[in-house]
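Same order as they appear, the protein sequences are chains A and B.
Under our numbering, the first residue of the first sequence is numbered 76, with each subsequent residue one higher.
Under our numbering, the first residue of the second sequence is numbered 449, with each subsequent residue one higher.
The beta-carbon is built from N, C-alpha and C at its ideal position, and this holds for glycine as well.
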Amino acid sequence: MKSLSYAQFEKEMAAFEGEYLIVNYWATWCRPCVEEMPDFEKINAEFSGQGVSVWFVNLDFNSAVEKSVMPFIRKNNLQSKLFHLTDTDPNTWIDKVNKEWGGNIPATAIYLKGNQIHFWARSTNYDELRAAIRK
Amino acid sequence: MKKVLLLFSCLLSLSAFSQYTIGSKVAAFSLKNIDGKMVGMNYQENAKGVIVIFTCNHCPFSIAYEDRIIALHEKYAPLGYPVLAINPNNVLKSPDDSYEKMIERAAEKKFPFPYVYDETQEVAKAFGAKRTPHVFILKKQKTDFVLKYIGAIDNNSESAEKANAKYAEDALNALLKNKDPEPSEVKAIGCTIKWKD
Numbered sequence: 076m077k078s079l080s081y082a083q084f085e086k087e088m089a090a091f092e093g094e095y096l097i098v099n100y101w102a103t104w105c106r107p108c109v110e111e112m113p114d115f116e117k118i119n120a121e122f123s124g125q126g127v128s129v130w131f132v133n134l135d136f137n138s139a140v141e142k143s144v145m146p147f148i149r150k151n152n153l154q155s156k157l158f159h160l161t162d163t164d165p166n167t168w169i170d171k172v173n174k175e176w177g178g179n180i181p182a183t184a185i186y187l188k189g190n191q192i193h194f195w196a197r198s199t200n201y202d203e204l205r206a207a208i209r210k
Numbered sequence: 449m450k451k452v453l454l455l456f457s458c459l460l461s462l463s464a465f466s467q468y469t470i471g472s473k474v475a476a477f478s479l480k481n482i483d484g485k486m487v488g489m490n491y492q493e494n495a496k497g498v499i500v501i502f503t504c505n506h507c508p509f510s511i512a513y514e515d516r517i518i519a520l521h522e523k524y525a526p527l528g529y530p531v532l533a534i535n536p537n538n539v540l541k542s543p544d545d546s547y548e549k550m551i552e553r554a555a556e557k558k559f560p561f562p563y564v565y566d567e568t569q570e571v572a573k574a575f576g577a578k579r580t581p582h583v584f585i586l587k588k589q590k591t592d593f594v595l596k597y598i599g600a601i602d603n604n605s606e607s608a609e610k611a612n613a614k615y616a617e618d619a620l621n622a623l624l625k626n627k628d629p630e631p632s633e634v635k636a637i638g639c640t641i642k643w644k645d
């Protein structure tokens, strides 16, 4: 899992060469986040190599990475690409994800060739994700 | 005819339900406090306003802010801005946020402010609350409560010591000087409100 600032994360997104990028914001303590993760993993596995990637962006506190996030990742054997944001003041980047976002998680943004085509400040599921990527 | 009237009144109530924005007059409400009494924004006599905070028992962000919320109340209630904490979560979706657990939590932390239960979630919807914690500071203008600040308490959920932008305090200090808060809206990460189905 890569720990970085949102500014650095933006550069990672810009460097993505695939077609669909699904970015899911989550935390280990967020029950609805954890419940939907298998659906994202399924999409990531099913469409790997077809230009679709799922990126999980973790928002646990910096001090919780070693003791909560890493064990969670190992226990659940997460395969999607993993990031952790280190900025302590999310007000600096929440609007950059989407101006309508009130900061609640889970939240999912879907990009098609770099353009945001969906933003959901709520839970989602396999069917909705599948319909969004039109493959 | 009856069907037409029903449809019309449904449309009216839908259109009346857009959420508050900065400058909105907030309608009075009354919610059940942990002591069984009904409490509203006006609970402190001679208040200059009120600090409405949507919060809950289980969310780690709310928990991380509890001491800071208590401190806000202790500092600003004597100056005319008491805290009114509201739990907006549906108990079926979030059993740890039940009314009974609210009573326990308030006792554990010795909350010096009312902690009320928005069982129907109508108040949370009216405010457009999106997460916990979510702060709405209102200033009293004659008999109206006007929304002046929406957002976060400070710029570091994890650590009170490291927070160097105290957004809510800055907003309150501005209001006490009869100025408008700048910024008036600040975002933060928090737990999604557990809306009923």
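Please state if the CB of G497(B) and the CB of Y547(B) are separated by a distance shorter than 8 angstroms.
-> As a working mapping, residue 547(B) is identified with position 99 in the second sequence. As a working mapping, residue 497(B) is identified with position 49 in the second sequence. Y547(B) places its beta carbon 8 angstroms or farther from that of G497(B).
With burial defined as no fewer than 16 other Cβ atoms inside 10 Å of the residue's Cβ, what is the status of L540(B): buried or exposed?
-> As a working mapping, residue 540(B) is identified with position 92 in the second sequence. L540(B) is exposed by the Cβ-count criterion.
Below 8 angstroms CB to CB, which residues in the same chain sit around G484(B) once its five sequence neighbours on both sides are set aside?
-> Here residue 484(B) refers to the residue found at position 36 of the second sequence. If you ignore the 5 residues before and after G484(B), its C-beta comes within less than 8 angstroms of no other C-beta in its own chain.
Excluding five sequence neighbours on each side, which residues of the same chain lie with their C-beta closer than 8 angstroms to the C-beta of I470(B)?
-> In the second sequence, counting from the first residue as 1, residue 470(B) sits at position 22. Here the set comprises L595, K596, Y597, I598, S632, E633.
Determine the direct distance from the alpha carbon of M550(B) to that of L204(A), and round the result to whole angstroms.
-> Locating residue 204(A) in the first sequence gives position 129, counting from the first residue. Locating residue 550(B) in the second sequence gives position 102, counting from the first residue. C-alpha separation (whole angstroms): 36 angstroms.
Taking the CB atoms as reference points, tell me whether M88(A) and H159(A) lie closer together than 8 angstroms.
-> Mapped onto the first sequence, residue 88(A) falls at position 13. Mapped onto the first sequence, residue 159(A) falls at position 84. Taking 8 angstroms as the Cβ cut-off, M88(A) and H159(A) do not qualify as a contacting pair.
Cβ-based neighbour list, G638(B), same chain, cut-off 7 angstroms, excluding 5 preceding and 5 following | Taking the first residue of the second sequence as 1, we reach residue 638(B) at position 190. Same-chain partners within the cutoff: C507, F509, R579, T580, P581, H582.
So is S138(A) in contact with chain B if we call contact Cβ pairs under 8 angstroms?
-> Numbered from 1 along the first sequence, position 63 holds the residue referred to as residue 138(A). Closer than 8 angstroms to some Cβ of chain B, the Cβ of S138(A) qualifies, so yes.
In whole angstroms, what separates the C-alpha of A495(B) from that of G488(B)?
-> One-based indexing of the second sequence puts residue 495(B) at position 47. One-based indexing of the second sequence puts residue 488(B) at position 40. A495(B) and G488(B) have their C-alpha atoms roughly 12 angstroms apart.
Are the C-beta atoms of N604(B) and some chain A residue less than 8 angstroms apart?
-> Locating residue 604(B) in the second sequence gives position 156, counting from the first residue. N604(B) counts as touching chain A.
Any C-beta of chain B under 8 angstroms from that of D114(A) | By one-based count along the first sequence, residue 114(A) stands at place 39. By this cut-off, D114(A) is not an interface position.
Roughly how many angstroms separate the alpha carbons of S461(B) and S123(A), rounded to a whole number?
-> Numbered from 1 along the second sequence, position 13 holds the residue referred to as residue 461(B). Numbered from 1 along the first sequence, position 48 holds the residue referred to as residue 123(A). At S461(B) the pLDDT is 45, less than 50, meaning the model places this residue with poor confidence; the figure from the coordinates comes in the next sentence. Going by the C-alpha atoms only, they are around 47 angstroms apart.
Does the separation of the CB atoms of I429(B) and L479(B) fall below 8 angstroms?
-> Summary: the structure shown does not reach residue 429(B), with chain B confined to residues 449 through 645, and so no result is reported for it.
Note down the Cα distance separating A464(B) from A475(B), rounded to an integer number of angstroms.
-> Numbered from its first residue, the second sequence carries residue 464(B) at position 16. Numbered from its first residue, the second sequence carries residue 475(B) at position 27. Interpretation of A464(B) is limited by its pLDDT of 46, a score under 50 that renders its predicted location unreliable; the figure taken from the coordinates is listed afterwards. Put simply, the backbone Cα of A464(B) is about 12 angstroms away from that of A475(B).
With L586(B) as the anchor, note down where its beta strand (DSSP E) starts and where it stops.
-> Within the second sequence, numbered from 1, the residue matching residue 586(B) stands at position 138. Per DSSP, L586(B) is one residue of the beta strand (DSSP E) stretching across 582-589.
For P146(A) and chain B, any beta-carbon pair shorter than 8 angstroms?
-> Taking the first sequence and counting its residues from 1, one reaches residue 146(A) at position 71. Interface residue (Cβ-Cβ distance to chain B less than 8 angstroms): P146(A) is not classified as such.
The segment 133-144 of chain A touching the segment 93-108 of chain A, judged by at least three CB pairs closer than 8 angstroms = Touching, yes.
So K557(B) and E514(B) are in contact, right, with Cβ under 8 angstroms, and what is the actual spacing, rounded?
-> Taking the second sequence and counting its residues from 1, one reaches residue 557(B) at position 109. Taking the second sequence and counting its residues from 1, one reaches residue 514(B) at position 66. Contact between K557(B) and E514(B) holds: their C-beta atoms lie close to 6 angstroms from each other, under 8 angstroms.
Confirm, please, whether the CB-CB distance from N537(B) to C504(B) is below 8 angstroms.
-> As a position in the second sequence, residue 504(B) is number 56, starting the count at 1. As a position in the second sequence, residue 537(B) is number 89, starting the count at 1. Yes, these two residues count as a Cβ contact at 8 angstroms.
For the segment 481-505 of chain B, list the beta strand (DSSP E) runs that are entirely contained and at least 3 residues long, ordered along the chain.
-> Within the segment 481-505 of chain B, the runs of beta strand (DSSP E) at least 3 residues long that lie entirely inside it are, in chain order, 497-502.
Please look up how many angstroms separate the CB atoms of I185(A) and I97(A), rounded, as I've assumed it's under 8 angstroms.
-> Translated into positions along the first sequence, residue 185(A) becomes position 110. Translated into positions along the first sequence, residue 97(A) becomes position 22. Contact flag correct, Cβ pair sits at about 5 angstroms.
Using 8 angstroms as the limit for Cβ to Cβ distance, is P629(B) near chain A?
-> By one-based count along the second sequence, residue 629(B) stands at place 181. Not one chain A Cβ lies under 8 angstroms of P629(B).
Taking the DSSP output, what are the residues bridged to F158(A)?
-> In the first sequence, the residue the question calls residue 158(A) occupies position 83. Paired residues: K77(A), V132(A).
Please check if any C-beta of chain A sits within less than 8 angstroms of the C-beta of I501(B).
-> In the second sequence, the residue the question calls residue 501(B) occupies position 53. False, the Cβ-Cβ gap to chain A never drops below 8 angstroms.
Counting only the same chain and skipping the five closest in sequence on each side, list residues whose C-beta sits under 7 angstroms from that of A512(B).
-> Counting from one through the second sequence, the residue named residue 512(B) turns up at place 64. When the five nearest sequence neighbours on each side are left out, the beta carbons in the same chain lying within less than 7 angstroms of the beta carbon of A512(B) are those of S605, E606, in order along the chain.
Where V474(B) meets chain A, residues with beta-carbon distance less than 9 angstroms | Against the second sequence, residue 474(B) aligns to sequence position 26. For a Cβ distance threshold of 9 angstroms, nothing in chain A lies close to V474(B): the least Cβ distance comes to about 18 angstroms.
Which residue from V564(B), E567(B), P629(B), A577(B) puts its Cα closest to that of I647(B)?
-> With chain B represented from 449 up to 645, any question about residue 647(B) goes unanswered, as that position is not in the structure.
Flag K578(B) as yes if its beta-carbon sits less than 8 angstroms from any beta-carbon of chain A, otherwise no.
-> Stepping through the second sequence from its first residue, residue 578(B) is reached at position 130. So yes, K578(B) belongs to the interface.
Measuring only between beta-carbons, confirm whether K610(B) sits less than 8 angstroms from chain A.
-> In the second sequence, the residue the question calls residue 610(B) occupies position 162. At a cut-off of 8 angstroms between beta-carbon atoms, K610(B) makes contact with chain A.
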